[in-house]
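One structure is given here, and the rest of the page talks about it.
Residue numbers (the numbering used here): 69 to 246.
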């Protein structure tokens, strides 16, 4: 099973476990509270605070891969188009409309030229000795689609395994048993 997670994920391999162990000191006063719910909340709070300090996190969102055809000229042309659009929107005169249309045409031409040059570079990079994996990576890059880096989670007999190395081990043992 593969999940695309949107909430913050912990980087357990980069955690400072020594610091976690020092901060997550559970005392007998925490456990011997009169109300069991208060004791559970105190222990949970202690562990969560220690984890927040000692275990780094990342957002879980994958970066959007930009298309290789986009360059500084494209960005400048788009900025000029937006600027002319803002002027025309505020002052809708015929002259401003013509200037906006010209900026829009220049931006469109710049994008198409950049796209053409990018595709030419892509076609020139294809050789007979290129592997299919690299070829498909280039196709995905041109399309601007996701890299497909999913976070692997394996559910084996009710036990959730999220470590990539353990997932590979369990997948291998499951496949070899058939």
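For each residue, glycine too, the CB sits at the ideal point set by N, CA and C.
Which of the three DSSP states is assigned to residue i in this structure?
i: residue 125; result: strand
i: residue 203; result: helix
i: residue 77; result: strand
i: residue 138; result: coil
i: residue 198; result: coil
i: residue 152; result: helix
i: residue 70; result: Bear in mind that the predicted position of residue 70 carries a pLDDT of just 48, short of 50, making it too unreliable to give a figure here.
i: residue 82; result: helix
i: residue 106; result: helix
Counting along the chain, where does the alpha helix (DSSP H) carrying residue i start and finish?
i: residue 178; result: 162-193
i: residue 97; result: 96-99
i: residue 90; result: 85-91
With C-beta atoms as the reference, is residue i less than 8 angstroms away from residue j?
i: residue 209; j: residue 136; result: yes
i: residue 171; j: residue 152; result: yes
i: residue 304; j: residue 101; result: Residue 304 cannot be examined here, being either before or after the span of the chain that is shown, 69 to 246.
i: residue 110; j: residue 88; result: no
i: residue 107; j: residue 98; result: yes
i: residue 178; j: residue 206; result: no
Let me make sure I understand the geometry here. Which of the options has the alpha-carbon closest to that of residue i?
i: residue 149; options: 163, 100, 168 and 160; result: 168
i: residue 190; options: 211, 175 and 96; result: 211
i: residue 146; options: 176, 180 and 195; result: 176
i: residue 82; options: 143, 164 and 120; result: 120
Would you be able to state if there are at least three C-beta pairs under 8 angstroms between the region 118-128 and the region 151-160?
The region 151-160 is not in contact with the region 118-128.
Between the region 137-148 and the region 177-195, do at least 3 Cβ pairs fall closer than 8 angstroms?
Yes, the region 137-148 is in contact with the region 177-195.
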